[in-house]
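One structure is given here, and the rest of the page talks about it.
Residue numbers (the UniProt record's numbering), protein chains in the order written: chain A, 1 to 304; chain B, 1 to 128; chain C, 1 to 293.
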């Protein structure tokens, strides 16, 4: 914390430059903690039911919280790209900063150290606030372990996206050199990365398959995440769940003697949470390292 | 202490203006042997001219034997010039003469021309 | 005499397409084929018309830009100070905080007393935010930052443009005092010659992205002769510019040997020298001894 509270050298300059933003961030975290605590207290005032106003508001609040946490990396990235990097290049203050005794490397590194420190502290605090709120609504269908928002905010993935955001901001801010354009471009890049990885994340691990006799109910076990289901023929071939070969009975349903041996269901059990988290975190951190290296390379190519 | 006034439009080289003003101060007794000349820093801070110009002027004065640089202390006057300080009898006589010339109806330029021609006659071959 | 403080060899800088500033040059070349040396301890005037390449040359010397071709050598960023033309400062910082920034970014070199003196000489309230300062006051703070760093080389891009005559004189005096006391080498650009005359003892004339003249001002003036008289052959002298009005010839030449002829001769003033070169882009480059790389 001494990085933030009593910085020296270029870090002092960074903290002083962005003092207002730092206070705003701290105030936002404190406000969110106060809000969630208040909602929980309101909810607890009427114990044992999910029908009171406090609970309803907490549910709505947590819905928004999950959405906002998904947007947190975009916010962080936009701030690093715009006010921290591109504005220096746009307004010409880099000419002042880069002709002092500190090297351009240290100049950028100081910005990143402050950004990473604030990001880590702030993100962890917000994750704590989210956990506090979620502990009451965890079993609601929107807050299961695999839900977007909940999935990110209860593991390591959100933090890794926030760190990636700092790196992308540092690179895009240098490349674009215009405050607003850089902010928008960083948001787009981070949004695309999140969308792509969200689409891919349940392919990281092989699904588990449960099979059962044809005709009976087959349900996802272990609070698992449903992925796919269907029929299996006697030759072992998977068929879609709606599949029914000719001929049908007079009532239009499958005859019991058709070539169906069993039914199956593909799912991710809750125990896949951490392995999936760690794989995704690893990918995002590797990306972060690449982008960071590129940011320093651009800096060196331009400013010796 | 002497204070230099630099006239950028005079056409006279800046270092020469310093040399001439120092000599003028020596002639008028405003500077006497043992007096310290202002440091180059003091001169350039007041006049915003190049420090090397001041050093060049001081070197010129030193070459003429008028001042000497004492390492670490500054530049000091070694001898005075002309022996005609501001309160000398010669100045008094010249003042009387100028007053009479004016009373006789001569204009400033006439007086200057007359004075210069007499100077030229008596100091022929000398250089400043 | 110590060695050169700046040394440029075949220096060139090209900006992205369509941003070319130098007329008559290849597209986009702001500076090309520049080779010169600046001896240490000089106060150098970097003059030339707008868009000639002065700012580019200073930014290259400051290490802010990378040369497209050739090289420029000078003190490292810890031993030079650079004040850009627009005097960039952080608007949200106060004057005091700006000076604190100078101290934080230049540990071991920072001279707080000098910074404080330059700022208070201008009657600046240290608690004023930079965004509330006038152009002249910003220049003062920028110069305080630059001088308090105790640089070996001070690079100033149009330093006096925003100042009233009194502040100009005062700050130029402070600059010269610093140069006198610490032997700082100074390079100042301007397109207004009178701003620099008297303060500078060295000259670099940049025009169309090239160095046209370089050397000690006294030597450059002495190398040229202003002729007036009847029209006659000027060989073997190098003619920078010649004009005839009726039977009268006026010419600026670089004398090769004695000037024999029916002319009146005089040493040109600095202004005459510069104007003659700017009017005659074909005149050959002259770098006097000590200014050649």
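Where a beta carbon is used, it is the ideal one built from N, C-alpha and C, also for glycine. No experiment lies behind these values; they were computed from the predicted model shown.
**Item:** Nearest-angstrom Cα separation, counted from residue 4 of chain A out to residue 21 of chain A
**Value:** In the first chain, residue 21 of chain A corresponds to position 21, counting from 1. In the first chain, residue 4 of chain A corresponds to position 4, counting from 1. One C-alpha to the other measures close to 13 Å.
**Asked** Considering only the beta carbon of each residue, do residue 81 of chain B and residue 19 of chain B sit closer than 8 Å?
**Response** Taking the second chain and counting its residues from 1, one reaches residue 81 of chain B at position 81. Taking the second chain and counting its residues from 1, one reaches residue 19 of chain B at position 19. In this structure, residue 19 of chain B does not lie closer than 8 Å to residue 81 of chain B by Cβ.
**Item:** Contacting residues, own chain, Cβ-Cβ under 7 Å from residue 212 of chain A (five flanking each side not counted)
**Value:** For the purposes of this step, residue 212 of chain A is taken as the residue at position 212 of the first chain. Taken in chain order, the residues that qualify are 218, 262, 263.
**Prompt:** If we ignore side chains and look at the alpha-carbon of each, how far apart do residue 224 of chain A and residue 267 of chain A end up?
**Reply:** Residue mapping note: residue 224 of chain A aligns to position 224 of the first chain, counting from 1. Residue mapping note: residue 267 of chain A aligns to position 267 of the first chain, counting from 1. For residue 224 of chain A and residue 267 of chain A, the distance between alpha carbons rounds to 6 Å.
**Meets three-Cβ-pair contact criterion under 8 Å: the stretch 77-84 of chain C and the stretch 96-108 of chain A** = yes
**Straight-line gap, residue 88 of chain C to residue 47 of chain C (C-alpha atoms, nearest Å)** = Looking up residue 88 of chain C in the third chain gives position 88. Looking up residue 47 of chain C in the third chain gives position 47. The alpha-carbon atoms of residue 88 of chain C and residue 47 of chain C are separated by roughly 22 Å.
**Request:** Kindly indicate which residue of C/132, C/159, C/243 has the alpha-carbon position closest to the one of residue 192 of chain C.
**Result:** On the third chain, position 192 is the one that residue 192 of chain C refers to. The candidate whose alpha carbon is nearest that of residue 192 of chain C is C/159.
**Asked** Shorter than 8 Å from the beta carbon of residue 86 of chain C to some beta carbon of chain A?
**Response** For the purposes of this step, residue 86 of chain C is taken as residue 86 along the third chain, with counting starting at 1. Chain A, which has a Cβ nearer than 8 Å to the Cβ of residue 86 of chain C, makes this yes.
**Request:** Give me the Cα-Cα distance between residue 185 of chain A and residue 198 of chain A, rounded to the nearest whole angstrom.
**Result:** Here residue 185 of chain A is taken as the residue at index 185 of the first chain, counted from 1. Here residue 198 of chain A is taken as the residue at index 198 of the first chain, counted from 1. C-alpha separation (whole angstroms): 20 Å.
**Asked** Less than 8 Å separating the beta-carbons of residue 295 of chain A and residue 170 of chain A?
**Response** Here residue 295 of chain A is taken as the residue at index 295 of the first chain, counted from 1. Here residue 170 of chain A is taken as the residue at index 170 of the first chain, counted from 1. Cβ atoms of residue 295 of chain A and residue 170 of chain A: closer than 8 Å.
**Item:** Selection from C/146, C/135, C/36 that minimises the alpha carbon distance to residue 114 of chain C
**Value:** Locating residue 114 of chain C in the third chain gives position 114, counting from the first residue. Of the listed residues, the one whose Cα sits closest to residue 114 of chain C is C/146.
**Prompt:** Secondary structure at residue 68 of chain B, three-state DSSP: helix, strand or coil?
**Reply:** Taking the second chain and counting its residues from 1, the one referred to as residue 68 of chain B is at position 68. Reduced to three states, the DSSP call for residue 68 of chain B is strand.
**Asked** Is the shortest distance between the beta-carbon of residue 123 of chain C and the beta-carbons of chain B less than 8 Å?
**Response** Counting from one through the third chain, the residue named residue 123 of chain C turns up at place 123. It does not: the Cβ of residue 123 of chain C has no partner Cβ on chain B nearer than 8 Å.
**Prompt:** Are any of the Cβ atoms in chain A nearer than 8 Å to that of residue 77 of chain C?
**Reply:** Position 77 of the third chain, counting from 1, holds the residue named residue 77 of chain C. Answer yes: the Cβ-Cβ gap between residue 77 of chain C and chain A drops below 8 Å somewhere.
**Asked** Based on the DSSP secondary-structure assignment, which residues constitute the bridge partners of residue 94 of chain C?
**Response** Within the third chain, numbered from 1, the residue matching residue 94 of chain C stands at position 94. Answer is C/129.
**Prompt:** Count the other CB atoms within 10 Å of the CB of residue 122 of chain B; is the residue buried (16 or more) or exposed (fewer)?
**Reply:** Working through the second chain from its first residue, we reach residue 122 of chain B at position 122. Result: exposed.
**Message:** As a quick exercise: from C/276, C/198, C/149, C/143, pick the residue whose alpha carbon is nearest that of residue 9 of chain B.
**Reply:** Here residue 9 of chain B refers to the residue found at position 9 of the second chain. When only C-alpha atoms are compared, the closest one is C/198.
**Message:** Using a Cβ-Cβ cutoff of less than 7 Å, which residues in the same chain neighbour residue 143 of chain A once the five nearest sequence positions on both sides are dropped?
**Reply:** Within the first chain, the letter at position 143 stands for residue 143 of chain A. Excluding sequence neighbours, residue 143 of chain A sits near 62, 134, 137, 150.
**Asked** Who does residue 282 of chain C pair with in a DSSP beta bridge?
**Response** Here residue 282 of chain C corresponds to residue number 282 of the third chain, with the count starting at 1. Answer is none; residue 282 of chain C lacks a bridge partner.
**Prompt:** Of all the CB atoms in chain C, is at least one closer than 8 Å to the CB of residue 87 of chain A?
**Reply:** For the purposes of this step, residue 87 of chain A is identified with residue 87 of the first chain, where counting begins at 1. No, no contact with chain C.
**Prompt:** Taking 8 Å as the CB-CB cut-off, is residue 148 of chain C touching chain B?
**Reply:** As a position in the third chain, residue 148 of chain C is number 148, starting the count at 1. False, the Cβ-Cβ gap to chain B never drops below 8 Å.
**Asked** Could you give the residue range of the alpha helix (DSSP H) that holds residue 230 of chain C?
**Response** Here the question's residue 230 of chain C lines up with position 230 in the third chain. Per DSSP, residue 230 of chain C belongs to no alpha helix (DSSP H); it is in the beta strand (DSSP E), 224-230.
**Prompt:** Closest to residue 178 of chain A by CA distance: which of A/148, A/82, A/292 is it?
**Reply:** As a position in the first chain, residue 178 of chain A is number 178, starting the count at 1. Of the candidates A/148, A/82, A/292, the one whose C-alpha sits nearest the C-alpha of residue 178 of chain A is A/82.
**Request:** For residue 135 of chain C, name the three-state secondary structure that DSSP assigns.
**Result:** By one-based count along the third chain, residue 135 of chain C stands at place 135. Three-state DSSP puts residue 135 of chain C in a helix.
**Request:** Counting only the same chain and skipping the five closest in sequence on each side, list residues whose C-beta sits under 7 Å from that of residue 54 of chain A.
**Result:** Reading the first chain from its first residue, position 54 is the one you call residue 54 of chain A. Counting only Cβ-Cβ distances below 7 Å, and skipping sequence neighbours, we find 39, 42, 43, 45, 46.
**Message:** Here's a check: name, in chain order, each residue in its chain whose Cβ is nearer than 8 Å to the Cβ of residue 105 of chain A, leaving out the five neighbours to either side.
**Reply:** Working through the first chain from its first residue, we reach residue 105 of chain A at position 105. Answer for residue 105 of chain A: 296, 299, 300, listed in chain order.
**Asked** Any idea which residues DSSP pairs residue 245 of chain C with across the strands?
**Response** As a position in the third chain, residue 245 of chain C is number 245, starting the count at 1. C/248, per the DSSP bridge assignment.
**Request:** Report the residue from C/125, C/185, C/178 whose alpha carbon sits nearest the alpha carbon of residue 74 of chain C.
**Result:** Residue mapping note: residue 74 of chain C aligns to position 74 of the third chain, counting from 1. When each option's Cα is compared against that of residue 74 of chain C, the closest is C/185.
**Request:** Measuring alpha carbon to alpha carbon, tell me which of C/163, C/148, C/223 ends up nearest residue 122 of chain C.
**Result:** Residue mapping note: residue 122 of chain C aligns to position 122 of the third chain, counting from 1. Measuring from the Cα of residue 122 of chain C, the nearest candidate turns out to be C/163.
**Prompt:** Exposed or buried, which one is residue 127 of chain A when buried takes at least 16 other CB atoms within 10 Å?
**Reply:** Here residue 127 of chain A corresponds to residue number 127 of the first chain, with the count starting at 1. So residue 127 of chain A ends up on the buried side.
**Asked** Whole-angstrom Cβ separation of residue 180 of chain C and residue 40 of chain B, contact assumed at under 8 Å?
**Response** Translated into the one-based positions of the third chain, residue 180 of chain C becomes position 180. Translated into the one-based positions of the second chain, residue 40 of chain B becomes position 40. Rounded, the Cβ-Cβ distance is 5 Å, consistent with contact.
**Request:** Kindly say whether residue 6 of chain B, judged by its beta-carbon, lies nearer than 8 Å to any beta-carbon of chain C.
**Result:** Reading the second chain from its first residue, position 6 is the one you call residue 6 of chain B. So yes, residue 6 of chain B belongs to the interface.
**Asked** Helix, strand or coil for residue 226 of chain A per DSSP?
**Response** Residue 226 of chain A sits at position 226 when you count from the first residue of the first chain. Strand, per DSSP.
**Prompt:** If you drop the 5 nearest sequence neighbours on each side, which residues of the same chain put their C-beta closer than 6 Å to that of residue 270 of chain A?
**Reply:** Within the first chain, numbered from 1, the residue matching residue 270 of chain A stands at position 270. Same-chain partners within the cutoff: 145, 222, 223.
**Request:** Please report the residue range of the alpha helix (DSSP H) in which residue 52 of chain A lies.
**Result:** Counting from one through the first chain, the residue named residue 52 of chain A turns up at place 52. Element bounds for residue 52 of chain A: n/a, residue is neither H nor E.
**Asked** Is any heavy atom of the ligand MG found at a distance shorter than 7 Å from the C-beta of residue 12 of chain C?
**Response** The ligand content of the structure shown is nil, which means the ligand MG is not present either.
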